[in-house]
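Visitor:
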Amino acid sequence: MRRTLALVLAILGSASLGAAILVVPTAQAADPTGSLQVRSVGTNYSRSSGVVASIVAAGSPATFSLKVVNPGAAAADYRLRFAVAPAASVVATVPVGIANKALVAGADGYSIAAVPAHGSKIVTLKVTPAKTSTQQTFTGTATLATVSGSVLDQATLLTEIKAPAKGHTPFTMLVSSGSGGGTVGGDVSGQTVTGAAIGVNGSDSFKVTLRNDGTATTTVHLRTGFGFCVGVGDYNPNIYAGLTGDLFVNTQYSPIPAFSGYPVTLAKGASKTFQLTLKRVDKFDPPCPDMGGLIWTTTANDDGPRVSVRVLAHPAA
């Protein structure tokens, strides 16, 4: 045995003197591809890179469902990172059998392991603002990445603190989605309401209520601007905006026209409700991740928006 071992060592030693030993590196697997689909209301998931809002009372959780999609031919592991500002409590879970398993975020986010080939895995995110939070927007960014850190997709998840039932000015505007959820706006500008993801020829409806919470009769001008790809800033020919109430608008906008506004005269304490409909009227490949625009109140002199709300519809995946 000793002679054999000595012979082997001698041969290896001679080989190292006579020639370099060729080392073949281990093959590295390529990063997987993947995408992130999201929803807050309805049953359909929206296409990737979208903006989805959930409207809740302060101290209550906003729930978002995220679908991690693996289009590849082999199972893949991913990382899901989530950051929200202002700070809020975040709980992430994945279904395991009939129960939900809580995920623990590491330095590189939540580990989403073994997503099946040509399949998906659902992650539920609950974002809970502090009970003392005022009416505002908590902006969350969900980022899907490979284990090596390459970013594959992102989505914006907005937790909106709902508006109080009564405002303090003649320009109170309350906006809610027909798909469910609370109401935003009131006296606060800059919030967002989204509906369920829709297919071609599908539509989302929204309720828009103007109310005079001031001290005297006031004429409020309701203004709208719809028909563009949010995030692209270009005209989107695939959106139809209809507003019904005292007036009816039935126009496909090209380009987006300048609105003089719809005058609504309201006595103190009086209100008027409109229905806004956003309809996806054509297939657009790839479709805009978000379709919609703004609705706001102002005076006849258009001295700037008193209350503005962003209203968005999403193409279904």
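Quick note on the working numbering: the sequence shown kicks off at 83 and runs consecutively. All C-beta atoms, glycine included, are put in the ideal place defined by N, C-alpha and C. Remember, predicted model here, so these are calculated numbers, not experimental data.
Would you mind sorting S130 into buried or exposed? The rule is 16 or more other CB atoms within 10 Å of its CB.
Guide: Buried is the call here.
Visitor: Just checking: is the beta-carbon of R392 within a distance shorter than 8 Å of some beta-carbon in chain B?
Guide: The structure shown contains no chain B; it holds only a single protein chain.
Visitor: Are the CB atoms of S128 and A398 within a distance shorter than 8 Å?
Guide: It is a contact, given that the beta carbons lie within the stated cut-off.
Visitor: In whole angstroms, give me the CA-to-CA distance for T238 and A298.
Guide: Rounded to whole angstroms, T238 to A298 spans 40 Å at the Cα level.
Visitor: State the Cα-Cα distance for the pair V197 and A189, rounded to the nearest angstrom.
Guide: Each residue's alpha carbon lies about 20 Å from the other.
Visitor: How far does the beta strand (DSSP E) with A158 in it reach, from first residue to last?
Guide: Start and end: 158-167.
Visitor: Whole angstroms are fine: how far does the CA of I377 sit from the CA of R392?
Guide: For R392 and I377, the distance between alpha carbons rounds to 6 Å.
Visitor: Considering just the uninterrupted stretch of the beta strand (DSSP E) at V393, what are its terminal residues?
Guide: Run containing V393: 389-397, per the beta strand (DSSP E) assignment.
Visitor: Helix, strand or coil, according to DSSP, for I194 in the structure here?
Guide: Of the three classes helix, strand and coil, the one that applies to I194 here is strand, per DSSP.
Visitor: Taking the alpha-carbon positions, what's the V257 to V266 distance?
Guide: Each residue's Cα considered, the two are about 5 Å apart.
Visitor: Starting from L292, follow its DSSP beta bridges and name the residues at the other end.
Guide: Its beta-bridge partners are M255, K354.
Visitor: Look at P114 and G154 and say whether their C-beta atoms are less than 8 Å apart.
Guide: Taking 8 Å as the Cβ cut-off, P114 and G154 qualify as a contacting pair.
Visitor: Nearest-angstrom Cα distance between T24 and T219?
Guide: Lying outside 83 to 399, the shown extent of the chain, residue 24 is not represented and no answer is given.
Visitor: In the DSSP assignment, the beta strand (DSSP E) including A199 goes from what residue to what residue?
Guide: It is not in any beta strand (DSSP E) - A199 carries neither H nor E in the DSSP assignment.
Visitor: Taking Cβ to Cβ, would you say T175 is nearer than 8 Å to T225?
Guide: Not in contact: T175 and T225 (Cβ atoms no closer than 8 Å).
Visitor: Would you kindly check if the distance between the Cβ of T276 and the Cβ of S171 is under 8 Å?
Guide: Taking 8 Å as the Cβ cut-off, S171 and T276 do not qualify as a contacting pair.
Visitor: Between which two residues does the beta strand (DSSP E) carrying K244 extend?
Guide: Run containing K244: none; DSSP gives neither H nor E here.
Visitor: Within its chain, find whatever has a CB closer than 7 Å to the CB of G201; leave out the 5 residues flanking it on each side and keep chain order.
Guide: Closer than 7 Å at Cβ, skipping near neighbours: N152.
Visitor: I'd like the list of long-range same chain contacts for A157, defined as Cβ closer than 7 Å, with 5 residues on each side in sequence excluded.
Guide: Closer than 7 Å at Cβ, skipping near neighbours: A196, V197, P198, A199.
Visitor: Starting from the Cα of T216, find the closest Cα among S232, A245, Q236 and give me that residue.
Guide: The shortest C-alpha separation from T216 is found at A245.
Visitor: Measure the C-alpha to C-alpha separation of T380 and T241 and round it to an integer number of angstroms.
Guide: Answer to the nearest angstrom: the Cα atoms are 26 Å apart.
Visitor: Looking at D286: is its Cβ nearer than 8 Å to the Cβ of A395?
Guide: Their beta carbons are under 8 Å apart, which means D286 touches A395 by this criterion.
Visitor: Starting from D235, follow its DSSP beta bridges and name the residues at the other end.
Guide: DSSP lists L226 as partners of D235.
Visitor: Bridge partners for A184 per DSSP, in chain order?
Guide: BP columns for A184 point to T175.
Visitor: Between T274 and the rest of its own chain, which residues show a CB-CB distance below 8 Å, the 5 nearest in sequence each way excluded?
Guide: Closer than 8 Å at the Cβ level, and outside the excluded window around T274, lie V133, A135, T219, L240, E242, V266, V391, R392, V393, L394.
Visitor: Looking at the unbroken beta strand (DSSP E) that takes in S147, where does it start and where does it end?
Guide: Its beta strand (DSSP E) spans residues 144-152.
Visitor: Does the beta-carbon of P345 have 16 or more other beta-carbons within 10 angstroms, so that it is buried, or is it exposed?
Guide: Flag for P345 reads exposed.
Visitor: How would you label D384, buried or exposed, when you count the other beta carbons within 10 angstroms and need 16 or more for buried?
Guide: By the neighbour-count rule (16 or more Cβ atoms within 10 Å), D384 is not buried but exposed.
Visitor: So is G313 buried or exposed if we call it buried at 16+ other beta carbons inside 10 Å?
Guide: The predicted position of G313 is uncertain, since its pLDDT is 40 and thus under 50; a value taken from the coordinates is nonetheless stated next. By the neighbour-count rule (16 or more Cβ atoms within 10 Å), G313 is not buried but exposed.
Visitor: Counting along the chain, where does the beta strand (DSSP E) carrying Q273 start and finish?
Guide: Taken as a continuous stretch (DSSP letters only), the beta strand (DSSP E) holding Q273 covers 273-280.
Visitor: So which of S230, Q357, V120 has the shortest CA-CA distance to K208?
Guide: Out of S230, Q357, V120, V120 has the C-alpha closest to the C-alpha of K208.
Visitor: Return the chain-ordered list of same chain residues with a C-beta closer than 8 Å to the C-beta of Y192, the five sequence neighbours on each side being excluded.
Guide: R161, L162, R163, F164, A174, L185, V186, V205.
Visitor: What first and last residue would you give for the beta strand (DSSP E) that runs through R121?
Guide: Segment 117-121, the beta strand (DSSP E) holding R121.
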